[in-house]
Amino acid sequence: MRRNQVMKFNGLALRSAGEGPLLLLLHGLGSSSLDWQAQIERFSEHYRVVALDLRGHGQSMQEGPFDVATLAADVVNWLDEQPEPAWVVGLSLGAMVALELALQLPHKVQGLVLVNGFSEFLLESPKEQERYAQRLKWLRWFGMRPLAWWLGRELFPGPDLAQVRHTFRLRFVRNKKKTYKALLEALPGWSVRARLGAIWQPVAIISTSHDYLPLAKRVEQFAALPNATIHTPNGHHAWPAEDPSGFNHLLHRILETH
Numbered sequence: 001m002r003r004n005q006v007m008k009f010n011g012l013a014l015r016s017a018g019e020g021p022l023l024l025l026l027h028g029l030g031s032s033s034l035d036w037q038a039q040i041e042r043f044s045e046h047y048r049v050v051a052l053d054l055r056g057h058g059q060s061m062q063e064g065p066f067d068v069a070t071l072a073a074d075v076v077n078w079l080d081e082q083p084e085p086a087w088v089v090g091l092s093l094g095a096m097v098a099l100e101l102a103l104q105l106p107h108k109v110q111g112l113v114l115v116n117g118f119s120e121f122l123l124e125s126p127k128e129q130e131r132y133a134q135r136l137k138w139l140r141w142f143g144m145r146p147l148a149w150w151l152g153r154e155l156f157p158g159p160d161l162a163q164v165r166h167t168f169r170l171r172f173v174r175n176k177k178k179t180y181k182a183l184l185e186a187l188p189g190w191s192v193r194a195r196l197g198a199i200w201q202p203v204a205i206i207s208t209s210h211d212y213l214p215l216a217k218r219v220e221q222f223a224a225l226p227n228a229t230i231h232t233p234n235g236h237h238a239w240p241a242e243d244p245s246g247f248n249h250l251l252h253r254i255l256e257t258h
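Note that UniProt numbering has the sequence shown beginning at 1, numbered continuously upward.
Below is the structure:
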């Protein structure tokens, strides 16, 4: 296993390995840099891979505010000090932060890979409102452990993913209930959809077959991007953890293309 160097920067915890072009990995809500270990292993042979814990996650600072723009500003401060631009890979919440990076610090973003991401979080449909409300209910009524059980079943269904599901649950329960709730409640109303035309870098949009957001809706959300491609592999919301080999193969292809 390739050794990770763990660092701190202005309250952010970062894991780094390898040398070469910069590849920045941004996790999803309630996750951490630990979930990118398979990608660190694979890509640190040819890249300087950095996976960080966003504010409110993992070993990073736990103080608010927790809105997406603030989470992104933390990363902007680090990225602005790096000698070269980065390819930024973001999953879900991480994809939202990645979009903010491209808008706030465009000269330091070489390209984006957005895995089951959003350009806005508006909860417009009854189904979106129900799913969001259901997560808050589980959190308020039952707490982190039952929520971890429910999310594990949603994200990693089936007997073949039992070990991945178990690992997810063990890590998820480390989140502080108050902090996770604040992060979740900060999401509705966020949008960069009207500004997507300003993102000139190549953007690879990965939308898995069993994600929460239907493909047609995701295509609609990202239609204004001037330099985007879309990829539709089979999988669920947290696909990089569900199928590390499949994700790594696709990510390698995307990076090699550019």
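Glycine residues also receive a C-beta, built at the ideal position from the N, C-alpha and C atoms.
- Assignment of beta-bridge partners to E256 by DSSP yields no partner.
- Between the stretch 99-110 and the stretch 78-85 there are three or more C-beta pairs closer than 8 Å, enough to call the two in contact.
- Around Q201, the same chain offers A102, P106, V109, Q110, G111, L112 and N227 as residues with beta carbons nearer than 8 Å, after the five sequence neighbours per side are excluded.
- Per the Cβ contact rule, the stretch 10-22 is in contact with the stretch 37-55 (3 or more Cβ pairs under 8 Å).
- In the three-state scheme derived from DSSP, where H, G and I count as helix and E and B as strand, K181 is classed as helix.
- Between L23 and V89, the C-beta spacing is below 8 Å.
- Rounded to whole angstroms, the gap between the alpha carbons of L184 and Q134 is 12 Å.
- A distance below 6 Å between beta-carbons, with the five flanking residues on each side excluded, links F172 to the following residues of its chain, in chain order: G30 and A148.
- Taking a cut-off of 8 Å for Cβ pairs, the stretch 242-253 and the stretch 214-225 do not touch, as fewer than three such pairs fall below it.
- The shortest CA-to-CA distance from M96 to any of E124, W78 and F66 is the one to F66.
- Counting only residues of its own chain and dropping the five nearest sequence neighbours on each side, H258 has a CB closer than 6 Å to the CB of G111 and P202.
- Counting along the chain, the unbroken beta strand (DSSP E) around V109 starts and ends at V109 to V115.
- Note that the C-beta distance between F156 and R145 is not below 8 Å.
- Taken in chain order, the unbroken stretches of beta strand (DSSP E) that lie wholly in the UniProt domain "AB hydrolase-1" (21-173) and span 3 residues or more are 22-26, 48-53, 86-91 and 109-115.
- In this structure, the CA atom of L26 is about 12 Å from the CA atom of V68.
- Nearest to R193 by C-alpha distance, out of Y212, R169 and L225, is L225.
- Contact between the stretch 54-63 and the stretch 6-14 is present: three or more C-beta pairs spanning the two stretches fall below 8 Å.
- For L187, there is no enclosing beta strand (DSSP E), as DSSP gives it neither H nor E.
- Assignment of F222 by DSSP, reduced to helix, strand and coil, places it in the coil class.
- A straight-line Cα-Cα distance of about 31 Å links A162 and R48.
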